[in-house]
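**Q** First the structure, then my questions, so here it is.
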Amino acid sequence: MISVIMPVYNGEAFLEETIQSVLQQTMPDFEFIIINDGSTDRSEEIILSFKDPRIRYFKQANSGPAAARNKGLDNMKGDFAVMQDADDISLPMRFATLLRHFTSPTVGIVHSDVLLINEYNRPLGYWAAGNIEKKRILRFFLKVGTPFNNNSLMIRREALQGIRQDVSLPLSEDTDMIWQVARHWEAVHVPEPLLLYRRHTTNLTNTKDYHVLFAHVHKFLNSCSLEELIPELNWQAADDAVNRARACAIIALFLLRRGMLPDCLSWYNKAQSLAKQNGELLVDAIGFIIKGDYLQAAQILCQGDAGDPVVLNYLGECLALTGNTKEAQKHFLKALQLKPDYEEPLSNLKGLLGLRRTAFIDRSWTKFHLA
Numbered sequence: 001m002i003s004v005i006m007p008v009y010n011g012e013a014f015l016e017e018t019i020q021s022v023l024q025q026t027m028p029d030f031e032f033i034i035i036n037d038g039s040t041d042r043s044e045e046i047i048l049s050f051k052d053p054r055i056r057y058f059k060q061a062n063s064g065p066a067a068a069r070n071k072g073l074d075n076m077k078g079d080f081a082v083m084q085d086a087d088d089i090s091l092p093m094r095f096a097t098l099l100r101h102f103t104s105p106t107v108g109i110v111h112s113d114v115l116l117i118n119e120y121n122r123p124l125g126y127w128a129a130g131n132i133e134k135k136r137i138l139r140f141f142l143k144v145g146t147p148f149n150n151n152s153l154m155i156r157r158e159a160l161q162g163i164r165q166d167v168s169l170p171l172s173e174d175t176d177m178i179w180q181v182a183r184h185w186e187a188v189h190v191p192e193p194l195l196l197y198r199r200h201t202t203n204l205t206n207t208k209d210y211h212v213l214f215a216h217v218h219k220f221l222n223s224c225s226l227e228e229l230i231p232e233l234n235w236q237a238a239d240d241a242v243n244r245a246r247a248c249a250i251i252a253l254f255l256l257r258r259g260m261l262p263d264c265l266s267w268y269n270k271a272q273s274l275a276k277q278n279g280e281l282l283v284d285a286i287g288f289i290i291k292g293d294y295l296q297a298a299q300i301l302c303q304g305d306a307g308d309p310v311v312l313n314y315l316g317e318c319l320a321l322t323g324n325t326k327e328a329q330k331h332f333l334k335a336l337q338l339k340p341d342y343e344e345p346l347s348n349l350k351g352l353l354g355l356r357r358t359a360f361i362d363r364s365w366t367k368f369h370l371a
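Mapping the sequence shown onto full-length UniProt numbering, position 202 (from 1) lands on 202, and the numbers just tick up by one.
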């Protein structure tokens, strides 16, 4: 059985349509846990107007979406959990399709693409996800964030044991919980839009408070060792202080590219402190990349070890960023030859060659394109 968990806070505008979309699923074997999180509008009246026996209704003082979802998780009876927001629409085959893809006991998450709509049900766009191996999850969370459309997930009950949403996080409590699951379980992607994800003025994040926006990233960084975050370094053979300096510099660059400049500077200062007695070239070069001086960074990296895949990768980045894409490609390929499991040069090749042309085998993307 599936447990559908839906927190509601003043959701009267879209609540009836959302509840109907859940109750009209082609797979009827589910419980629908609705948690009224202190609503002051007509939400309760709308919920109680549905007499379907699959609905289990809970009511609590306003405690936030994380606390409401945790109440649902604590009371679920099903083998799989689906998180449903009170303004989104589940397409009729959503639950059946997601459940069908739990083909192995090692799969903890099944997720899908989503269609974006506004408050008038008008289409806004298409958010595609993709398959991602468990071993690649950590790097994706570090560089980008969640690799999933979080609203689209179905999660195995066993994968949620001992895991709940962090009520202390002001935002992205769902991403934090998903990271805890995804680091231990395989995920399967369904390349179909099974959910209409509604974007409107009352559910958009308006805060500009840096610490609120990135509190979940700080928690993520604190939960991982440098060896886990930057595994491409030779942690066994190389000097530990040098490796730690390099790792901090690389993390600083990743955070810069996520728009986290204050944290970038903090991590780079750590790198400089660790490297000051060693004169580490990679740390110096990344400092110039952070400043946008790619030519100076390239000159420094050219003095480095030509057999070091990390040096080759960042030299390739500098070459690409100064327009020398042919030489950049050679450096990325050489880095991969030296270290085939190194993600960065492969990602860089994808970005470099994707500049020329990205083609989709599925041509349905172009069906309604106007000439």
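The beta-carbon is built from N, C-alpha and C at its ideal position, and this holds for glycine as well.
Throw me the rounded Cβ distance for the I5 and A81 pair, which I believe falls under 8 Å.
**A** So it is a contact: roughly 6 Å between Cβ atoms.
**Q** Work out the CA separation of M83 and W127 for me, nearest whole Å.
**A** Answer to the nearest angstrom: the Cα atoms are 18 Å apart.
**Q** Who are the Cβ neighbours of E344 in its own chain at under 6 Å, not counting the five residues just before and after it?
**A** If we look at E344 and ignore the five residues flanking it on each side, its Cβ neighbours are N313.
**Q** Rounded to whole angstroms, what is the Cα-Cα separation between G125 and L195?
**A** Computed Cα separation, rounded: 12 Å.
**Q** How many angstroms separate the CA atom of A159 from the CA atom of A320?
**A** One C-alpha to the other measures close to 41 Å.
**Q** Give me the Cα-Cα distance between F141 and L336, rounded to the nearest whole angstrom.
**A** Those two C-alpha atoms are separated by around 22 Å.
**Q** What is the rounded straight-line gap between the Cα of G316 and the Cα of D87?
**A** In a straight line, the C-alpha of G316 is about 45 Å away from that of D87.
**Q** Just to confirm, are Y294 and T322 a CB contact at a threshold of 7 Å?
**A** For Y294 and T322, yes; Cβs fall inside 7 Å.
**Q** Determine the direct distance from the alpha carbon of S223 to that of G38, and round the result to whole angstroms.
**A** If you take the alpha carbons of G38 and S223, they lie about 33 Å apart.
**Q** In chain order, what are the residue ranges of uninterrupted beta strand (DSSP E) at least 3 long that sit wholly in the region 184-221?
**A** Segments of the beta strand (DSSP E) lying fully in the region 184-221: 186-198.
**Q** Identify whether I132 lies in helix, strand or coil by the three-state DSSP scheme.
**A** Here I132 sits in coil by DSSP.
**Q** Measure the beta-carbon distance from V167 to L98 and round it to whole angstroms, keeping in mind my assumption that it falls under 8 Å.
**A** Incorrect: roughly 27 Å between the Cβ atoms, too far for contact.
**Q** Using 10 angstroms around the beta-carbon of residue 452, count the other beta-carbons present and answer buried if the total reaches 16, otherwise exposed.
**A** With the chain running from 1 to 371 in the structure shown, residue 452 is simply not present.
**Q** Using a Cβ-Cβ cutoff of less than 8 Å, which residues in the same chain neighbour W288 once the five nearest sequence positions on both sides are dropped?
**A** The residue you asked about is not Trp; residue 288 is Phe in the sequence shown. Cβ neighbours of F288 beyond the five flanking positions: Y294, Q296, A297, I300.
**Q** Residues bridged to G125 by DSSP?
**A** BP columns for G125 point to L116.
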